[in-house]
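Numbering-wise, the numbering used here puts 85 at position 74 of the sequence shown, and it's gapless, one number per residue.
Backbone N, C-alpha and C fix where the C-beta goes; we use that ideal spot for every residue, glycine too.
Some notes on the structure that comes next.
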Amino acid sequence: MGNLFCCIQVEQSTVAIKERFGKLDEVLQPGCHCLPWFLGSQLAGHLTLRVQQLDVKCETKTKDNVFVNVVASIQYRAIANKASDAFYKLSNTKNQIQAYVFDG
12 MGNLFCCIQV EQSTVAIKER FGKLDEVLQP GCHCLPWFLG SQLAGHLTLR
62 VQQLDVKCET KTKDNVFVNV VASIQYRAIA NKASDAFYKL SNTKNQIQAY
112 VFDG
């Protein structure tokens, strides 16, 4: 019903991605916004700015040739002024972070 009246609400600790005719138009900050769909505007999605945690289990070899299991807890969040990059360039955040941990 929010789209019927061209108004949307962006919750605290999130941003919304607004597109016009399929192209990035604006990153909407928390609050109420007008989204005139009849002018080609649409909501592409939301992105949370909260801190999230990912636990990655790794098996590694020590200097004395012993294998140990290590759990790395990684905390991450999207930066507000880079929200469009995070929304469009990161397809599967958790898998990309895990791959980075395993390669390092």
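Residues of its chain near residue i, where Cβ-Cβ distance is below 6 Å and the 5 sequence neighbours each way are ignored
i, result
"P41", "V21, Q23"
"A55", "I28, E30"
Distance between residue j and residue i (C-alpha atoms, nearest Å)
i, j, result
"T59", "I90", "10 Å"
"R61", "N76", "40 Å"
"R88", "L35", "21 Å"
Of the residues the options, the one placed nearest residue i, counting alpha carbons only
i, options, result
"Y111", "K68, L39, R31", "K68"
"G51", "F32, I19, V81", "F32"
"C45", "C18, E30, K29, K34", "C18"
"T25", "A97, Q109, F113", "A97"
"A83", "P47, F113, Y99", "F113"
Cβ pair residue i, residue j closer than 9 Å
i, j, result
"Q64", "I85", "yes"
"V38", "S102", "no"
Beta-carbon proximity list for residue i, same chain, < 7 Å, skipping 5 on both sides
i, result
"V79", "T71, T73"
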